[in-house]
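Each remark here refers to the structure printed beneath this line.
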Amino acid sequence: MNFLFVSLLFLIWRSVDFLVIFFSQKVIPYLGFFPYKDQLPGFNLPTWISALANFDGLHYISIARDGYAQFEQAFFPLYPLVIKYSSPLFSNNRLLTGLIISNISFLIGITIFARSYKDSSWMMFFLLAFPTSFFFGAVYTEGLFFLLLISTLYFLKKENYLAVIVFAFLTSLTRLVGVFLIIPIIFHLIQRLDPRL
């Protein structure tokens, strides 16, 4: 799959996502039962877009702006750091910055994913059509995590171990489950020593 086709799939996915978010807001009332909801209007974005930063997204934005507060240790540091240092490029609008980072990361991640497999059409379809795939484009770690995870596995397949170490480390700085990349890495190394496995 070439980049143009993957980009087209990505744009279709994002468009459908945005349409669902936009029209569901007309049908389902917004209740906002989560902390920091009063910060959303300050980003000067339509509510159907700022809804992509609800719940944990506002914690990541808060960490990017103010650093860690009490009870925010569950949120790993890489994503808020990328938001913090990228936000000057987008008028210090951290919500917009988070959306851009998540979407660009996911687009690059699915491009690497598509190029890693000869026939990845169905895998791409199911990944993008999955009901919770909207998290990849929200102000959550999922888009960046996907990019780093796929990059780790891609470089493991290419046996570029320095890149594997770097991307596995960055993946672990994004989400706790990143530490479990040690399992395919060890399995790959064992398989290299004994190809019969």
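Quick note, the sequence shown lines up with residues 4 to 200 if you use the working numbering.
Where is the CB? At the ideal position from N, CA and C, for every residue including glycine.
Here the structure is a predicted model, which is why all the values come from computation and not from measurement.
### Task
Starting from aspartate 197, follow the alpha helix (DSSP H) in both directions and report where the run begins and ends.
Counting along the chain, aspartate 197 falls outside any alpha helix (DSSP H), and DSSP gives it neither H nor E.
#### Entry: Option nearest histidine 191 by Cα separation, candidates Phe13, Gly140, Lys160
Looking at the Cα atoms, Lys160 is the closest of the given residues.
### Query
isoleucine 193 by DSSP, collapsed to three states: which one?
It is helical.
#### Entry: Sequence-distant residues of its chain with Cβ nearer than 6 Å to leucine 147 (five each side left out)
Once the five neighbours on either side are set aside, the close Cβ partners of leucine 147 are Tyr82, Ser108, Thr177.
### Query
Where does leucine 150 fall in DSSP's three states?
DSSP, read as helix, strand or coil, puts leucine 150 in helix.
### Nearest-angstrom Cα separation, counted from serine 105 out to glutamine 17
Just to set this straight, residue 17 is arginine in the shown sequence, not glutamine. Annotation: arginine 17 to serine 105 spans about 12 Å, alpha carbon to alpha carbon.
### Task
Check whether the Cβ atoms of serine 123 and phenylalanine 116 lie closer than 8 Å to each other.
The answer is yes: Cβ separation under 8 Å.
### Message
If you follow the alpha helix (DSSP H) that aspartate 59 is in, where does it begin and where does it stop?
### Response
Per DSSP, aspartate 59 belongs to the alpha helix (DSSP H) from 59-69.
### Message
What does the alpha-carbon distance come out to for the pair leucine 2 and phenylalanine 79?
### Response
Limits of the chain in this structure are 4 at one end and 200 at the other, which puts residue 2 out of reach.
### Message
Using C-beta distances below 7 Å, list every residue in its chain close to serine 89, excluding the 5 sequence neighbours before and after it, in chain order.
### Response
Counting only Cβ-Cβ distances below 7 Å, and skipping sequence neighbours, we find Thr100, Ile104.
### Query
Thinking just about the alpha-carbon of each residue, which of Ile188, Leu179, Phe183 is nearest to the one in alanine 166?
Ranked by how close their Cα comes to the Cα of alanine 166, the residues Ile188, Leu179, Phe183 have Ile188 in first place.
### Query
alpha helix (DSSP H) containing phenylalanine 13: first to last residue?
Note, phenylalanine 13: alpha helix (DSSP H), 6-30.
### threonine 177, DSSP secondary structure in three states
In this structure, threonine 177 counts as coil in the three-state DSSP scheme.
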